[in-house]
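Asker:
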Amino acid sequence: MMTSGLAKGRNASRQSSSATALPQNILKIWNRIKGMADLGSSTTNVYDIIHNLLPFVKRRTTRSVIAKLVVAAIAYYVWQERNWRLFKKGKRSSDQIVECILSTIRLKLLSCKLKKSKSGESLERLWNLPEAVFV
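Numbering (our numbering), first residue to last: 366 to 500.
(1) Here's the rule I'm using: 16 or more other beta-carbon atoms within 10 Å means buried, otherwise exposed. How should A440 be labelled?
(2) Name the DSSP beta bridge partners of L479, please?
(3) For a quick check, are the C-beta atoms of S468 and N390 less than 8 Å apart?
(4) Which of the three DSSP states is assigned to N410 in this structure?
(5) Taking 7 Å as the cut-off, does the CB of A440 come closer than this to any heavy atom belonging to the ligand PLP?
(6) Looking only at its chain, what residues have a beta carbon closer than 8 Å to the beta carbon of K433, apart from the 5 residues adjacent to it on each side?
(7) For V500, count neighbouring C-beta atoms within 10 Å of its own C-beta (all shown protein chains included) and say buried if the count is 16 or more, exposed if not.
(8) To which residues of the same chain is K473 closer than 7 Å at the C-beta, ignoring the five residues directly before and after it?
(9) DSSP three-state label for R424, please.
(10) Do you know offhand how far L480's Cα is from K453's?
(11) Restricting to Cα atoms, I'd like to know which of A402, K393, L392 and I398 is closest to S484.
(12) Per DSSP, what kind of secondary structure is A437 in: helix, strand or coil?
(13) Taking a contact to mean a Cβ-Cβ separation below 8 Å, would you say V498 touches C477 in this structure?
Structure (structure tokens):
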């Protein structure tokens with residue numbers, strides 16, 4: 366029986382979670398932002414985070430859009446920080462990276478038209494969105 370690379374990785378991650386656990390500085394960023402995407406129950410294992418995100422992949426709900434945006438933005442800004450440290454010898458604190466991620470996601474949400482709902486109202490408060498975003 367053939368298994369996919371993701372399934373192999375997930376099984377391997379359960380055997381050796383330290384190899385796929387997030388580094389400490391990335392863990393600080395993840396823990397501060399995951400609650401804003403309703404991914405609060407996600408662990409610090411990369412494969413488990415992806416596994417928890419899989420049910421959202423094809424959905425277009427507000428919650429799924431935000432969850433995908435959060436994971437993508439964290440990956441992008443952590444990689445950008447890595448490149449800055451390697452090639453430009455610059456360094457930002459985890460608080461600065463979190464602020465960049467949150468402002469990027471908020472700006473992206475401002476460009477969306479979201480349906481008005483109970484979950485939308487809580488997102489409006491959580492992300493400080495104007496009512497004009499909701500249709």
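Glycine included, C-beta positions come from ideal geometry on N, C-alpha and C.
Answerer: Concretely, from the data shown:
(1) A440 should be labelled exposed.
(2) BP columns for L479 point to F499.
(3) No, the pair does not count as a contact, with Cβ atoms beyond the cut-off.
(4) Assigned with DSSP and collapsed to three states, N410 falls in strand.
(5) As for the ligand PLP, it is missing from this structure, which has no ligand bound.
(6) Contacts found: L418, F421 and V422.
(7) By the neighbour-count definition (other C-beta atoms within 10 Å, threshold 16), V500 is an exposed residue.
(8) Excluding sequence neighbours, K473 sits near L434.
(9) Residue state, collapsed to three classes: coil.
(10) Looking at the sequence shown, residue 480 is not Leu but Lys. Distance between K480 and K453, taken at the CA atoms: about 43 Å.
(11) Among A402, K393, L392 and I398, the Cα nearest to that of S484 belongs to A402.
(12) The three-state reading of DSSP puts A437 in helix, counting H, G and I together.
(13) Against a cut-off of 8 Å, the Cβ pair of C477 and V498 comes out as a contact.
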